[in-house]
Amino acid sequence: MSMTESDFTSARPRLDTVPAGDPRDRGGKAQPLLIVENLAKHFPIKNGLFGRKRGAVRAVDDVSFVILKGETLGVVGESGCGKSTLARLLMRLMPLTDGHLVFDGDPVEALRGLSLKEFRRNVQMVFQDSSSSLNPRMPIIDSVAFGPRAHKVKRSAARRAAAALLEKVGLSPAMFGGRYPHELSGGQKQRVNIARALALEPRLLILDEAVSALDKSVAAQVLNLLRYLKRHLNLTYVFISHDLGVVQYLSDRILVMYLGQVVEIGPAADVYSAPKHPYTQALLASQLSMDPGRRIEQAPVSGDPPSPANPPSGCRFHTRCPFSEAVCAAKAPAFGDAMDAAIHLARCHLTDPTSGHSLAGSALSSLRITAPETSAA
Amino acid sequence: MTGTATAIPSVTGNAMSRPLVEIENLEVSFVTRDATVRAVNGLSLRIMPGEVLCLIGESGSGKSVTMRALMRLLPKGKTRFGGRVRVGDRDILSLRERELKSVRGAEIAMVFQEPMTSLDPVYTVGDQIAETVMRHEGCGKTQAMERALELLKLVRVPLPEQRLRAYPHELSGGLRQRIMIATALSCRPKLLLADEPTTALDATVQIQVLILLRKLQAEFGMSVIFVTHDLGVAAQIADKVAVMYAGQIVEYGAADDVLLRPSHPYTLGLLASTVHGQKRDKDIEGIGGSPPDLRALPPGCSFAPRCRYARTACTAAMPPAATFDGVTVRCYHAREIRENANAARATTVN
């Protein structure tokens, strides 16, 4: 299934209509677009004269989940929790230590499966730093046309498609096409990056902190653009961010990471209204209100996240968790079947009545971490 | 303490009612071969002793430059200043380099955004705190180290005795920022400048540092100027809020006035474009366009090209700062916006 010029121009969904069924869809609506199974990435820590391996940073450790067709999966977590490594693994930008990916029924890089090149045509990524992800010596229209050119599309057709894409992301090709990245503002550069990611007509777009470096007013414009493009191009998003407000606004489902593991996954409304994992609760309680009358008086949890090179035993959150007991340090909590997208799961002994934690099975609301606020004046 | 040349004679009145910081018509521009970048354009501001002021605005609005001007931490020779800056009894812009050295770190201290780049990687944190203490208080190393230990306890660093001997790379981001705060507080400054000190921190750590800063501010009774682009952070810590746009303060007032009842179209837009629980099926109401080029500012109100209220008067001359209901706003339509908002609020209540 190599890409020809004709399917590049004809299969493109029209902008003004929502495509009813995507011609590229193979397994139907119920089949996940991407199945991620037991994904792991360990970075070796080397030292000494001969670079002997001393240990490993388990940046992503046994992560399994599914991405449904047409959804936005929000990934949240603090720095160092493995969000960005996960994004790079999903695109296969680095070799996996373990695990495998299944894209719309086809195993990736397996016998009779999808080739890596074909997979990457379907999965594209927008990075956080809008300037370092563009070639400074290339006019932006050529940057956008670069992907199709690499996939053997004729120069004239690739440039035509690139011009149409620039138009779609709100940059006039006549005015901006010939400009170099340094002539654009941060928001404009991020629009170019989005256009470039869309140039191969991917079905899955991974957005790694795509609006985090932008000013609020510009980020709002880019978010609106992303919503618009998703509707009109039948896209599926993985939206990675540390900004809980933005993730809530965009996402259908939420995946929460802590020290390389998925600690909670579930439908966005459930995770935000009734978080099950104490870490998710703490993260939500740390969100700052915009009302000066509602100040947080006491931090929901103390301390910093531990180093991923040496994660705590058992439950990785037990060193900061107010509900921590001996069992939390001794035994890693079980995680349910993450292949079922409808279930709200948490990797915590509290949610498992058989775990041996004295509070296990108690009502969630009684165990919720909150941040005491000043009463409204 | 100070030479007569640096004292501003015009200021009278007792110390309590007198602002600690007075900025009058401050202008800062950077001169290069190709262009002059006008970063701050006629900014006036007063800060009372013990007051926390948040400067909010987007990148390039002049927040950090204003703050650095208070310590004159800007490249010599390339920076042109205009106006006056008084901190305590000193006229900062006319101080000599030697006098500045005794002010920096002692009377005015600063905490930067990136704790890793502002700490020296080859010295222990204890040495770095002690260095500041020895420099300004003229005491010996042993005494200075004792003071450093006290300071680490003050900023609630766990296991302070061990951390005193730690190098910056051995500490987490939150701890490093606590060390920076300890260093800044080492000489009990009257004015603390904090330039996005929590932006690089994770959410669960950010709130810890904000609460700490608030406690220390009250304990020390110092004034704080806090630069941030995060309105939530401003709501957490500020007594007063000043919103900056293109090198000017466009709205200034008490935190709840500005953040809950904004009067300037830019503040309104900033609040609307911050995502916090908006309906998922609706677009976010942002601000169209992008901030102006500081090399060639538009005539009149700098926000006019992006403003939905803009009329011809707006592009003719910069609106003067007008004060009403306790807020100071630079906008011809501010009164109208405020009255409309009040009317809308009244109807929703009834």
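Residue numbers (numbering that gives the first Met the number 0), protein chains in the order written: chain R, 0 to 376; chain P, 0 to 349.
Cβ atoms here follow ideal geometry from the backbone N, Cα and C, with glycine treated the same way.
Closest residue to Leu191 of chain P among P:Ser117, P:Asp229, P:Arg103 and P:Thr123 (Cα-Cα distance): On the second sequence, residue 191 of chain P is found 192 positions in, with the first residue counted as 1. Of the candidates P:Ser117, P:Asp229, P:Arg103 and P:Thr123, the one whose C-alpha sits nearest the C-alpha of Leu191 of chain P is P:Arg103.
Considering only residues of the same chain and omitting the five flanking positions on each side of Leu72 of chain P, which have a CB-CB separation below 6 Å? Numbered from 1 along the second sequence, position 73 holds the residue referred to as residue 72 of chain P. Excluding residues within five positions, none has a Cβ falling inside 6 Å.
Just the Cα atoms here: how many angstroms apart are Ala359 of chain R and Glu160 of chain P? Position 360 of the first sequence, counting from 1, holds the residue named residue 359 of chain R. Position 161 of the second sequence, counting from 1, holds the residue named residue 160 of chain P. Using only the alpha carbons, I get a separation of about 38 Å.
Along chain R, which residues have their Cβ under 7 Å away from the Cβ of Gln277 of chain P? The residue you call residue 277 of chain P lines up with position 278 of the second sequence. Result: Tyr248.
Hey, out of P:Val328, P:Ala309, P:Ala245 and P:Val257, whose CA is closest to Arg294 of chain P's CA? For this step, residue 294 of chain P is matched to residue 295 along the second sequence. Nearest option by C-alpha distance: P:Ala245.
Whole beta strand (DSSP E) elements within the segment 13-87 of chain P, 3-residue minimum: 20-30, 35-46, 51-55 and 78-86
Could you please tell me which residues of the segment 214-236 of chain P, in chain order, have their CB closer than 9 Å to any CB of chain R? His228, Asp229, Leu230, Gly231, Val232, Ala233, Ala234, Gln235 and Ile236
On the DSSP bridge list, what partners appear for Glu372 of chain R? Residue mapping note: residue 372 of chain R aligns to position 373 of the first sequence, counting from 1. Answer is R:Ile295, bridged to Glu372 of chain R.
Rounded distance between the beta-carbons of Pro264 of chain P and His332 of chain P, thought under 8 Å: The sequence position of residue 332 of chain P within the second sequence is 333, counting from 1. The sequence position of residue 264 of chain P within the second sequence is 265, counting from 1. Their Cβ separation, rounded to whole angstroms, is 7 Å, which keeps His332 of chain P and Pro264 of chain P in contact under 8 Å.
CA-CA distance, Leu113 of chain R and Pro201 of chain R? Residue mapping note: residue 113 of chain R aligns to position 114 of the first sequence, counting from 1. Residue mapping note: residue 201 of chain R aligns to position 202 of the first sequence, counting from 1. Distance between the alpha carbons of Leu113 of chain R and Pro201 of chain R is about 14 Å.
Since Asp115 of chain P is in the beta strand (DSSP E), which residue starts that stretch and which ends it? Within the second sequence, numbered from 1, the residue matching residue 115 of chain P stands at position 116. Here residue 115 of chain P turns out to be Met, not Asp, going by the sequence shown. Here Met115 of chain P belongs to no beta strand (DSSP E); instead the alpha helix (DSSP H) covers Pro114 to Ser117.
Between the segment 63-77 of chain R and chain P, which residues of the former have a C-beta closer than 7 Å to a C-beta of the latter? Glu77
Counting only C-beta atoms, is Gln207 of chain P closer than 8 Å to chain R at any point? Along the second sequence, one-based indexing puts residue 207 of chain P at 208. Closer than 8 Å: yes.
Considering only the beta carbon of each residue, do Arg190 of chain R and Val237 of chain R sit closer than 8 Å? Position 191 of the first sequence holds residue 190 of chain R. Position 238 of the first sequence holds residue 237 of chain R. No, the Cβ-Cβ distance between Arg190 of chain R and Val237 of chain R is not below 8 Å.
Just the chain P side, please: which residues come within less than 7 Å of Arg294 of chain R by C-beta, in chain order? In the first sequence, residue 294 of chain R corresponds to position 295, counting from 1. Within 7 Å Cβ-Cβ: Gln235.
Candidates R:Ala29, R:Phe64, R:Lys45 and R:Pro22: closest to His343 of chain R by CA position: Against the first sequence, residue 343 of chain R aligns to sequence position 344. Of the listed residues, the one whose Cα sits closest to His343 of chain R is R:Phe64.
Give the C-beta separation of Ser389 of chain R and Ser211 of chain R to the nearest angstrom, bearing in mind that I take them to be a contact with Cβ-Cβ under 8 Å. Within the shown structure, residues of chain R are numbered from 0 to 376, placing residue 389 of chain R beyond reach of any answer.
For the segment 77-86 of chain P against the segment 29-42 of chain P, do three or more pairs of beta-carbon atoms, one drawn from each stretch, fall closer than 8 Å, so that the two count as touching? yes
Quick one: is Thr273 of chain P near chain R, going by C-beta distance under 8 Å? Position 274 of the second sequence holds residue 273 of chain P. At least one chain R Cβ lies under 8 Å of Thr273 of chain P.
Listing by chain order, which chain R residues have their CB less than 9 Å from the CB of Leu174 of chain P? In the second sequence, the residue the question calls residue 174 of chain P occupies position 175. Result: Asp303.
Is Glu145 of chain P helix, strand or coil when you go by DSSP? Here residue 145 of chain P is taken as the residue at index 146 of the second sequence, counted from 1. Residue state, collapsed to three classes: helix.
In chain R, which residues lie less than 8 Å from Ser63 of chain P when you measure between Cβ atoms? As a first step, residue 63 of chain P must be located in the second sequence, where it is residue number 64. Here the premise fails: no neighbours, minimum Cβ distance about 14 Å.
By how many angstroms is the C-alpha of Ile139 of chain R removed from the C-alpha of Phe175 of chain R? Taking the first residue of the first sequence as position 1, residue 175 of chain R is located at position 176. Taking the first residue of the first sequence as position 1, residue 139 of chain R is located at position 140. If you take the alpha carbons of Phe175 of chain R and Ile139 of chain R, they lie about 8 Å apart.
Can you list, in chain order, the residues of its chain whose CB lies under 7 Å from that of Gln235 of chain P, leaving out five sequence neighbours each side? Start at 1 with the first residue of the second sequence, and residue 235 of chain P comes out as number 236. Within the same chain, Gln235 of chain P has close Cβ partners Leu209.
Hey, out of R:Asp336, R:Ala331 and R:Ala308, whose CA is closest to Ile44 of chain R's CA? Here the question's residue 44 of chain R lines up with position 45 in the first sequence. Out of R:Asp336, R:Ala331 and R:Ala308, R:Ala308 has the C-alpha closest to the C-alpha of Ile44 of chain R.
List the endpoints of the continuous beta strand (DSSP E) containing Asp97 of chain R. Here residue 97 of chain R is taken as the residue at index 98 of the first sequence, counted from 1. Counting along the chain, the beta strand (DSSP E) containing Asp97 of chain R begins and ends at Asp97 to Phe102.
Span of the alpha helix (DSSP H), counted from its first residue to its last, around Arg252 of chain R: Numbered from its first residue, the first sequence carries residue 252 of chain R at position 253. Run containing Arg252 of chain R: none in the alpha helix (DSSP H); it sits in the beta strand (DSSP E), Arg252 to Tyr257.
Contact with chain B by Gly299 of chain P, beta-carbon distance below 8 Å: Protein chains in the displayed structure are R and P, and chain B is not among them.
For Val59 of chain R versus Leu38 of chain R, is the C-beta spacing smaller than 8 Å? For this step, residue 59 of chain R is matched to residue 60 along the first sequence. For this step, residue 38 of chain R is matched to residue 39 along the first sequence. Yes, they are a contact pair.
Which of the three DSSP states is assigned to Thr311 of chain P in this structure? The count along the second sequence starts at 1 and reaches residue 311 of chain P at position 312. Correct three-state label for Thr311 of chain P: helix.
Can you tell me which of the three DSSP states Asn37 of chain R falls into? Along the first sequence, read from residue 1 onward, the residue named residue 37 of chain R stands at position 38. In this structure, Asn37 of chain R counts as strand in the three-state DSSP scheme.
I think Lys167 of chain R touches Ala194 of chain R, with their Cβ atoms under 8 Å apart; what is that distance to the nearest whole Å? For this step, residue 167 of chain R is matched to residue 168 along the first sequence. For this step, residue 194 of chain R is matched to residue 195 along the first sequence. Yes, Lys167 of chain R and Ala194 of chain R are in contact; Cβ-Cβ is about 7 Å, under 8 Å.
Quick test of your reading: Ser63 of chain P and Asp194 of chain P, contact by CB under 8 Å. State the CB separation rounded to the nearest angstrom. As a first step, residue 63 of chain P must be located in the second sequence, where it is residue number 64. As a first step, residue 194 of chain P must be located in the second sequence, where it is residue number 195. So it is a contact: roughly 6 Å between Cβ atoms.
Given 8 Å, three or more beta-carbon pairs between the segment 96-116 of chain P and the segment 178-192 of chain P: yes
Assign Ala345 of chain P to one of three DSSP states: helix, strand, or coil. On the second sequence, residue 345 of chain P is found 346 positions in, with the first residue counted as 1. Three-state DSSP puts Ala345 of chain P in a helix.
Which residues in the same chain have their Cβ closer than 8 Å to the Cβ of Pro297 of chain P, if we skip the five residues on either side of it in sequence? Along the second sequence, one-based indexing puts residue 297 of chain P at 298. Result list for Pro297 of chain P: Pro291, Ala303, Pro304 and Thr314, in chain order.
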